[in-house]
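Protein chains: 2
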Amino acid sequence: MADSRFDPNFTQHVINATGPKATPRMRSVMGSLIKHLHDFARENELTVEEWMAGVNMINWAGKMSDEKRNEGQLLCDVIGLESLVDEITFKLAAETNDHATASAILGPFWRHDAPILPNESTIVHGVDDGEMTYMHGIVQDLQTREPVVGAWVDVWQASTNGLYEQQDKDQVEHNLRGKFKTDDKGHYAFYCLRPTPYPVPNDGDYISVAECNVQARTDVFKGPAGKLLEYLDRHPYRPAHIHLIVTREGYKPVTMQIFDSQDKYLENDSVFAVKDSLIVDFKPLEGNPKATLELEYDIVVAKVDEGTGKTG
Amino acid sequence: MADSRFDPNFTQHVINATGPKATPRMRSVMGSLIKHLHDFARENELTVEEWMAGVNMINWAGKMSDEKRNEGQLLCDVIGLESLVDEITFKLAAETNDHATASAILGPFWRHDAPILPNESTIVHGVDDGEMTYMHGIVQDLQTREPVVGAWVDVWQASTNGLYEQQDKDQVEHNLRGKFKTDDKGHYAFYCLRPTPYPVPNDGDYISVAECNVQARTDVFKGPAGKLLEYLDRHPYRPAHIHLIVTREGYKPVTMQIFDSQDKYLENDSVFAVKDSLIVDFKPLEGNPKATLELEYDIVVAKVDEGTGKTG
Numbered sequence: 006m007a008d009s010r011f012d013p014n015f016t017q018h019v020i021n022a023t024g025p026k027a028t029p030r031m032r033s034v035m036g037s038l039i040k041h042l043h044d045f046a047r048e049n050e051l052t053v054e055e056w057m058a059g060v061n062m063i064n065w066a067g068k069m070s071d072e073k074r075n076e077g078q079l080l081c082d083v084i085g086l087e088s089l090v091d092e093i094t095f096k097l098a099a100e101t102n103d104h105a106t107a108s109a110i111l112g113p114f115w116r117h118d119a120p121i122l123p124n125e126s127t128i129v130h131g132v133d134d135g136e137m138t139y140m141h142g143i144v145q146d147l148q149t150r151e152p153v154v155g156a157w158v159d160v161w162q163a164s165t166n167g168l169y170e171q172q173d174k175d176q177v178e179h180n181l182r183g184k185f186k187t188d189d190k191g192h193y194a195f196y197c198l199r200p201t202p203y204p205v206p207n208d209g210d211y212i213s214v215a216e217c218n219v220q221a222r223t224d225v226f227k228g229p230a231g232k233l234l235e236y237l238d239r240h241p242y243r244p245a246h247i248h249l250i251v252t253r254e255g256y257k258p259v260t261m262q263i264f265d266s267q268d269k270y271l272e273n274d275s276v277f278a279v280k281d282s283l284i285v286d287f288k289p290l291e292g293n294p295k296a297t298l299e300l301e302y303d304i305v306v307a308k309v310d311e312g313t314g315k316t317g
Numbered sequence: 006m007a008d009s010r011f012d013p014n015f016t017q018h019v020i021n022a023t024g025p026k027a028t029p030r031m032r033s034v035m036g037s038l039i040k041h042l043h044d045f046a047r048e049n050e051l052t053v054e055e056w057m058a059g060v061n062m063i064n065w066a067g068k069m070s071d072e073k074r075n076e077g078q079l080l081c082d083v084i085g086l087e088s089l090v091d092e093i094t095f096k097l098a099a100e101t102n103d104h105a106t107a108s109a110i111l112g113p114f115w116r117h118d119a120p121i122l123p124n125e126s127t128i129v130h131g132v133d134d135g136e137m138t139y140m141h142g143i144v145q146d147l148q149t150r151e152p153v154v155g156a157w158v159d160v161w162q163a164s165t166n167g168l169y170e171q172q173d174k175d176q177v178e179h180n181l182r183g184k185f186k187t188d189d190k191g192h193y194a195f196y197c198l199r200p201t202p203y204p205v206p207n208d209g210d211y212i213s214v215a216e217c218n219v220q221a222r223t224d225v226f227k228g229p230a231g232k233l234l235e236y237l238d239r240h241p242y243r244p245a246h247i248h249l250i251v252t253r254e255g256y257k258p259v260t261m262q263i264f265d266s267q268d269k270y271l272e273n274d275s276v277f278a279v280k281d282s283l284i285v286d287f288k289p290l291e292g293n294p295k296a297t298l299e300l301e302y303d304i305v306v307a308k309v310d311e312g313t314g315k316t317g
């Protein structure tokens with residue numbers, strides 16, 4: 006127990022209430038959660054007011070969430086929990102060859118029905134204020150370093166206003182996403198935007214005290230995740246990134262976000278997703294009327310049963 | 006760090022993101038919460054699916070909460086967190102003579118405007134299926150054991166249908182609550198119901214998948230707290246109890262729930278609030294046309310600066 010001033014048997018008493026028909030996983034996960042939350046309360050001598058502030062934040066998150074905004078998830082993101090679960094999932098997937106697990110970390114903006122596009126085409130439509138980038142590279146086999154022919158490179162990114170197409174009624178359907186197939190040299194190529202940093206949703210309509218069960222507080226103008234960032238004196242920005250998933254039958258899928266090395270939020274991503282191996286350089290490109298920047302990015306994939314499929 | 010398979014610096018990196026303008030309390034409480042939640046995720050190798058199930062439960066709780074139902078609070082209650090915070094608060098209040106803190110644990114059904122009633126009157130109106138109880142006793146000074154004259158005994162309880170009056174449109178305003186003042190012998194007396202056990206809210210309207218952000222689940226017919234109890238193979242019942250708060254200028258307020266010794270849920274209260282010192286005996290009463298049971302209950306109060314004001 007964290008603090009002997011308090012009843013040393015209480016937490017075990019709560020854990021022991023779990024009945025015989027609970028699944029073993031439910032029993033162990035919830036037992037661990039109860040232990041950690043009780044230790045947290047004791048270590049901080051949490052007050053009723055503080056606990057109730059947490060309850061209000063949970064209820065408020067639920068009330069603000071809908072198909073296009075998930076404040077419960079965002080609360081987890083700003084305390085690094087989604088990135089940590091991603092790390093755990095990557096490790097488990099690498100160890101167990103579990104394709105289904107690896108593809109679970111696609112994030113909220115991936116779509117299963119992205120358009121299949123020919124190499125050398127663009128995913129950018131109706132965006133005038135972006136830096137056009139020619140992105141291309143080779144998909145290679147981890148062991149043989151031979152090109153992998155017929156691999157799918159599925160790409161998606163936010164527009165310059167910080168919104169993915171499904172969040173933004175002003176973007177055309179499937180804007181800034183596409184699936185490209187590597188050619189007989191293992192090569193893929195497309196035009197996209199140099200990504201731009203954007204804030205996680207940190208606004209919020211005013212919610213009345215009654216609506217959001219926030220007792221004794223009337224200064225509620227943000228969503229709970231935005232408010233938490235404010236309490237923690239943190240900015241809401243994510244560094245610029247492009248999402249990729251690379252798949253090929255017989256290979257482990259590779260899911261990643263790649264980050265612009267020049268981005269000022271690389272060191273303090275509001276959701277803690279940056280890894281050194283995923284930082285890339287956008288270079289000036291001359292003589293191509295369709296783009297002013299070039300990003301050459303090779304992707305290494307591992308056959309099932311050949312270790313991890315991560316690049317870098 | 007809980008498991009060296011994972012990045013040993015990640016959690017501190019997240020904690021270090023807190024900015025210089027965060028309050029010291031916010032910094033330490035949130036730092037501790039981040040550490041515990043990260044350790045929880047690592048120790049259990051939490052999957053994306055499990056984490057997302059937790060997120061959905063949080064959002065679902067918010068959507069179901071309103072003025073009469075607080076599912077975020079109820080989720081905490083069924084894992085013992087409210088009772089633990091109560092214990093912490095009682096200890097702090099006893100140590101610091103903090104009246105405001107002590108009165109914070111009144112629970113969601115206390116009302117500040119309960120009617121002032123004469124001794125020997127009843128708080129029961131329009132309830133036909135209850136066991137009428139004559140409750141009376143002395144309020145005593147902890148040090149002198151002298152009666153305390155002019156103390157307020159504020160009482161409230163649920164009706165036989167398990168609902169407090171503000172939850173139940175069929176009960177008259179202020180049913181089953183009242184404030185009684187001790188007489189010149191320190192004596193209080195009133196008629197109330199023998200309390201009956203009731204379930205915490207464990208029903209719930211059907212919420213569509215889109216409405217509650219529950220992905221890939223369609224079996225959602227309960228609130229999240231009810232669902233959690235089901236997952237944990239636990240019943241939703243609270244043992245029968247009467248709420249009391251006793252106040253007198255110059256004395257520490259005493260806030261408590263007292264429990265019927267014959268209740269079958271004493272050992273497994275769904276919200277873990279029972280303490281041995283608060284278990285009482287209802288005895289048969291003869292010759293009183295107004296009641297069939299008697300509960301004699303003396304309450305000890307401590308002067309400010311004279312130790313704790315708890316009975317028992």
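Going line by line, the protein sequences match chains A and B.
If you read the first sequence in my numbering, its first letter stands for residue 6, the second for the next number, and so on.
If you read the second sequence in my numbering, its first letter stands for residue 6, the second for the next number, and so on.
No residue lacks a Cβ here, since even glycine has one placed at the ideal position from N, Cα and C.
For the 7 Å CB-CB criterion, GLY142(A) and ASP303(A) form a contact. Put simply, the stretch 65-80 of chain B touches the stretch 54-64 of chain A. At least three CB pairs are less than 8 Å apart. DSSP places PHE45(B) within a helical segment (H, G or I) once states are collapsed to three. Among the bridge pairs identified by DSSP, TRP161(A) is matched with ARG182(A), HIS248(A). Secondary structure note for HIS18(A): its alpha helix (DSSP H) is the uninterrupted segment 15-21. Put simply, the CB of LYS280(B) is far from chain A, with every gap to its CB atoms at 7 Å or more. Between PRO244(A) and THR252(A), the gap from beta carbon to beta carbon reaches 7 Å or more. Against chain A, the CB of PHE277(B) has a partner CB under 7 Å away; the residue lies at that interface. The beta carbon of GLY36(A) sits closer than 6 Å to those of ILE20, all from its chain and outside the five residues before and after it, given in chain order. For the pair PRO202(B) and ASP12(B), the Cα-to-Cα distance works out to about 49 Å. Along the stretch 72-94 of chain A, the positions whose C-beta sits under 8 Å from a C-beta of chain B are GLU72, ASN75, GLU76, GLY77, GLN78, LEU80, CYS81, ILE84, GLY85, LEU86, GLU87, SER88, LEU89, VAL90, ASP91, GLU92, ILE93, THR94, read in chain order. Between THR23(B) and ASP238(A) the beta-carbon gap is near 6 Å, inside 8 Å, which marks them as a contact.
DSSP places LEU300(B) outside any alpha helix (DSSP H); the residue lies instead in the beta strand (DSSP E), whose first and last residues are 298-301. Interface with chain B (7 Å Cβ-Cβ cutoff): HIS41(A) is included.
Interface criterion not met: the Cβ of GLU272(A) is under 7 Å from no Cβ in chain B.
A Cβ-Cβ distance of about 15 Å is found for the pair PRO123(A) and HIS179(A), leaving them out of contact under the 8 Å criterion. Of all alpha-carbon atoms in GLN176(B), TRP56(B), ASN14(B), ALA66(B), the one lying nearest the alpha-carbon of PRO229(B) is that of ALA66(B). Within the model, the alpha-carbon separation for THR94(A) versus ASP82(A) is close to 15 Å. Annotation for ASP265(B): no alpha helix (DSSP H) segment contains it, though the beta strand (DSSP E) segment containing it runs 259-265.
When DSSP states are grouped into helix, strand and coil, ARG199(A) belongs to the coil group. Against chain A, a Cβ distance below 9 Å from LEU97(B) picks out GLU50, THR52. Among the residues facing chain B, TRP56(A) is included, as its CB has a counterpart in that chain under 7 Å away. Spanning the alpha carbons of VAL276(A) and ILE247(A) requires a straight line of approximately 15 Å. Contact residues of the stretch 159-189 of chain B toward chain A are absent (C-beta to C-beta distance below 9 Å). Looking at VAL279(B), VAL154(B), GLN162(B), the one whose alpha-carbon comes closest to that of HIS192(B) is VAL154(B). Using a CB distance below 7 Å, the part of the stretch 225-239 of chain B facing chain A consists of TYR236, LEU237, ASP238, ARG239, ordered along the chain. Taking a beta-carbon distance threshold of 7 Å, THR23(A) counts as an interface residue toward chain B. For the pair LEU290(B) and GLU299(B), the CB atoms are nearer than the 7 Å cut-off. Per the DSSP secondary-structure output, MET140(B) pairs in a beta bridge with PHE195(B), LEU300(B). Taking VAL279(A) as the centre and dropping the five residues before and after it, the same chain places the C-beta of PRO244, PHE264, LEU271 closer than 7 Å to its C-beta, in chain order. Using a CB distance below 9 Å, the part of the stretch 58-70 of chain A facing chain B consists of GLY59, VAL60, ASN61, MET62, ILE63, ASN64, TRP65, ALA66, GLY67, LYS68, MET69, SER70, ordered along the chain.
Using beta-carbon distances, LEU38(A) counts as an interface residue toward chain B, with a partner under 7 Å.
Taking GLU87(B) as reference, the option from LEU42(A), GLN262(A), VAL205(A), ASP159(A) with the minimal CA-CA separation is LEU42(A). Judged by DSSP secondary structure, VAL279(A) falls outside any alpha helix (DSSP H); it is assigned neither H nor E. Sorting LYS288(B), ILE250(B), GLY255(B) by C-alpha distance to the C-alpha of SER266(B) places LYS288(B) at the top. Its chain contains SER164, THR165, LEU198 as the residues whose beta carbon lies nearer than 7 Å to that of VAL132(B), once the 5 sequence neighbours on both sides are disregarded; these appear in chain order.
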